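Numbering (full-length UniProt numbering), first residue to last: 1 to 117.
Positions of the beta carbon are idealized from the N, C-alpha and C atoms, including for glycine.
Note that this is a predicted model, so its numbers are computed, not measured.
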């Protein structure tokens, strides 16, 4: 887990470096005491996505360890616990729309992963 401490401005944080990312997979970063799952999909636009790491159905911080894929044209991560799919752009759970996860604005700029808030 990476701890983001380098502030760019009041509303932007450097979460990690590009080389910390794993293609087509997720990592976890601790941001202001909250775990954030960061996914790097080099063939998509945008290339990075950030959602809460907490799986509201499995009740554990595990989404960064899920499998990334495509369900009916939506980029998702499947929870490693009960296999629910969470949309990486909206946070919506495809199997249960009453249990979304938070989505965070994130960018890859000059080799840095930047979370905006």
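Use the C-beta contact count for residue i: other C-beta atoms within 10 angstroms, 16 or more gives buried, fewer gives exposed.
i: residue 96; result: exposed
i: residue 51; result: buried
i: residue 11; result: exposed
i: residue 71; result: exposed
i: residue 55; result: buried
i: residue 40; result: buried
i: residue 69; result: exposed
i: residue 66; result: buried
i: residue 5; result: Unreliable positioning characterises residue 5 in this predicted model, as indicated by a pLDDT of 44, which lies under 50. The coordinate reading is nonetheless provided below. Exposed.
Using only alpha-carbon positions, find the residue among the options that is nearest to residue i.
i: residue 74; options: 60, 91, 59, 80; result: 91
i: residue 26; options: 62, 14, 116; result: 62
i: residue 89; options: 80, 115, 48; result: 48
i: residue 86; options: 108, 23, 58; result: 58
i: residue 103; options: 21, 93, 110, 60; result: 93
At what residues does the beta strand (DSSP E) containing residue i begin and finish?
i: residue 31; result: 25-31
i: residue 62; result: From DSSP, residue 62 is part of no beta strand (DSSP E); its letter is neither H nor E.
i: residue 92; result: Taken as a continuous stretch (DSSP letters only), residue 92 belongs to no beta strand (DSSP E), as it is neither H nor E.
i: residue 119; result: Examination of residue 119 is not possible in this model, given that the chain is present from 1 through 117 alone.
i: residue 21; result: Premise fails: residue 21 is in no beta strand (DSSP E) and is neither H nor E.
i: residue 115; result: 112-116
Would you tell me roughly how many angstroms separate the C-alpha atoms of residue i and residue j, rounded to the nearest one?
i: residue 105; j: residue 84; result: 22 angstroms
i: residue 116; j: residue 13; result: 7 angstroms
i: residue 8; j: residue 33; result: With a pLDDT of 48 at residue 8, under the threshold of 50, the predicted position of this residue should be treated as unreliable, though the coordinate-derived value follows. In a straight line, the C-alpha of residue 8 is about 18 angstroms away from that of residue 33.
i: residue 109; j: residue 60; result: 30 angstroms
Between residue i and residue j, how many whole angstroms is the CB-CB distance? I'm expecting something under 8 angstroms.
i: residue 15; j: residue 37; result: With 8 angstroms as the limit, residue 15 and residue 37 do not qualify as a contact, their Cβ atoms being about 11 angstroms apart.
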